[in-house]
Amino acid sequence: MIQDVLEWTMRTPHVYPFNLDIKKTKYRYEIVNYQKSIFELIYEVSFLVGRNIDISSECFVEINPAALVLLEGIKEWLTTKNKKADEWVMHLIFEMTVNEFRTQADDVQFEIKKAVNDLTLFLNKKLKKAKGNRILHSFKRNSTECYKQLMLVGKQAWKQHSAVLLIRLDWGEPYRVPDMRAKFASQQDYETRFKQVSTVREKMLKILRKMFKDDLVFFAWKIECAPIKGLHIHWLIGLNGSKHQDRINVPRTIAQKWDEKPRADGAYTRNQSIRQKHEEAILRVINYSDPLLWRIMGGYADYLTKVDYLTRFRAPGKMRSFGCTKLKEISESKKGPKRSKKMPKLDMLAVRRPLKELSDEMGWKEYKA
-2 MIQDVLEWTM RTPHVYPFNL DIKKTKYRYE IVNYQKSIFE LIYEVSFLVG RNIDISSECF
58 VEINPAALVL LEGIKEWLTT KNKKADEWVM HLIFEMTVNE FRTQADDVQF EIKKAVNDLT
118 LFLNKKLKKA KGNRILHSFK RNSTECYKQL MLVGKQAWKQ HSAVLLIRLD WGEPYRVPDM
178 RAKFASQQDY ETRFKQVSTV REKMLKILRK MFKDDLVFFA WKIECAPIKG LHIHWLIGLN
238 GSKHQDRINV PRTIAQKWDE KPRADGAYTR NQSIRQKHEE AILRVINYSD PLLWRIMGGY
298 ADYLTKVDYL TRFRAPGKMR SFGCTKLKEI SESKKGPKRS KKMPKLDMLA VRRPLKELSD
358 EMGWKEYKA
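Heads up: the sequence shown runs through residues -2 to 366, numbered per our numbering.
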């Protein structure tokens, strides 16, 4: 939620959540999430302000310093009278959810949209004044570099192998009552737990390399810190598709190997392949000539390399939150017969799209990427 608002409000040129001139936008799916996130923040801040609760006590502020600027900015905008929006609009917006917004009449929605657009511009100026734009943009540049690196690794993999089995695995702690996964006693506590997760990640990679050796075509991992799930790890793995074809049991075997020794915190590995219907699965053996090759790879690469402000602001010095296979030095000539089909052309920027968009275009139901 707060990550979406931070990223979009800091964009240059500024991007409004509601484009009042045209109906279609380039980033229509991301914009919808942006709209939902800004309404959720307005509701949360309104709730706290209405009950005189200190905003700085929220968990987001403990994890991400830029969040305080954002939350204080929304509070100031909600409570200041001198603004472009009419008083009745501000009264209506107070503690309004996105579902309540959707039930309003068209003319009322139009006024609310203008007010919310004004809020995002106000937040943009507040964040820039707090000198947060430089560090946020550096995170975004690093994210793009990681994305390009992973896509080049994928391109090299499909050049060397006719098919690759794509696997997604997640590792993290289970839900408990009370849920303390995202609660940190101090910065030192956060760093200690981050280092523990990083150590687990190193052991997982060693096991992976030992299991598949040369059949491990590529891998990518990402340590994230979510406001509810806490610290967890995302994995994207590519195996030689000529030797490994079972999209369910191969990742299940990896997960079982990683979870052989039970942990005190109960953390375990989730196999994301089992969440996809067989006829709609994209976590499968993908041939080099598959027309959806780069849409699928681009979607997962974008997911793994997106900016995680909660982690980046508090990660211990020089410790990484992302890593992937390095590009190999290989000869131009490929062993074996000449390929009969062409590999789809890779346009990195064009395929850097959410997988939900691909799901909607294909008409898939109950699809979970």
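Where is the CB? At the ideal position from N, CA and C, for every residue including glycine.
These numbers come from a predicted model, not from an experiment.
I'd like the list of long-range same chain contacts for residue i, defined as Cβ closer than 6 Å, with 5 residues on each side in sequence excluded.
i      : result
LYS81  : ASP115
LYS369 : Outside the modelled stretch of the chain, which goes from -2 to 366, sits residue 369, for which no answer is possible.
HIS241 : LEU162 and VAL247
CYS143 : THR302 and PHE319
TRP232 : LEU166 and TRP218
GLY295 : VAL348 and ARG349
LYS351 : Looking at the sequence provided, one finds Pro at residue 351 rather than Lys. Excluding positions up to five away in sequence, the list reads TYR26.
ILE234 : ILE164 and PHE216
GLU188 : PRO313
GLN32  : PRO14
LYS392 : Absent from the model: residue 392. The displayed extent of the chain is -2 to 366, so no value can be given.
Based on the DSSP output, what are the partners of residue i in its beta bridges?
i      : result
GLY169 : TYR265
CYS222 : LEU228
ASN237 : VAL161
ALA217 : LEU233 and CYS321
How far does the beta strand (DSSP E) with residue i in it extend, from its first residue to its last?
i      : result
ALA102 : Note, ALA102: premise wrong, no beta strand (DSSP E); not H, not E.
ASN284 : 282 to 284
Which residues in the same chain as residue i place their Cβ atom closer than 8 Å to its Cβ, once the five residues preceding and following it in sequence are excluded?
i      : result
ASP256 : TYR265 and THR266
PRO171 : GLY263, ALA264 and TYR265
MET316 : PHE191, LYS192 and SER195
LYS226 : GLY169, GLU170, ARG178 and ALA179
THR76  : VAL46
ILE71  : LEU38, ILE39, VAL42, LEU116 and LEU120
HIS11  : THR117, LEU118 and ASN121
What whole-angstrom Cβ distance do residue i and residue j have, given they're in contact under 8 Å?
i      : j      : result
ILE230 : LYS219 : 7 Å
GLU161 : VAL247 : What sits at residue 161 in the sequence shown is Val, not Glu. Wrong, their Cβ atoms sit about 12 Å apart, outside the cutoff.
ARG244 : SER270 : 5 Å
ILE39  : ILE90  : 6 Å
ARG147 : THR6   : Going by the sequence as given, residue 147 is Leu instead of Arg. Incorrect: roughly 27 Å between the Cβ atoms, too far for contact.
VAL66  : ILE35  : Going by Cβ atoms, the distance from VAL66 to ILE35 rounds to 15 Å, so no, they are not a contact pair.
GLN153 : LEU355 : Contact doesn't hold; Cβ gap of about 23 Å is too wide.
Using a Cβ-Cβ cut-off of 7 Å (strictly less than) and excluding sequence neighbours within five positions of residue i, which residues of its own chain qualify?
i      : result
ALA312 : PHE191 and SER318
TYR13  : ASN114 and THR117
Does any CB atom of chain B fall closer than 8 Å to the CB of residue i?
i     : result
ASN49 : Annotation note: the requested chain B is absent from the structure, which comprises a single protein chain.
For the alpha helix (DSSP H) that contains residue i, what are its first and last residues?
i       : result
GLU37   : 25 to 47
ASP287  : Premise fails: ASP287 is in no alpha helix (DSSP H) and is neither H nor E.
ASP83   : That residue, ASP83, is in no alpha helix (DSSP H); it is neither H nor E in DSSP.
ILE253  : For clarity, residue 253 is Gln in the given sequence; the question names Ile instead. GLN253 -> alpha helix (DSSP H) spans 246 to 255.
ILE(-1) : -1 to 6
PHE209  : 184 to 209
MET359  : 352 to 359
*Should the segment 342 to 349 be called in touch with the segment 286 to 294, which here means at least 3 C-beta pairs below 8 Å?*
Short answer: they touch.
*Inspect the CB distances between the segment 105 to 113 and the segment 86 to 93 and report whether three or more fall short of 8 Å.*
In the pairwise beta carbon analysis, the segment 105 to 113 is classified as touching the segment 86 to 93: at least three pairs are separated by under 8 Å.
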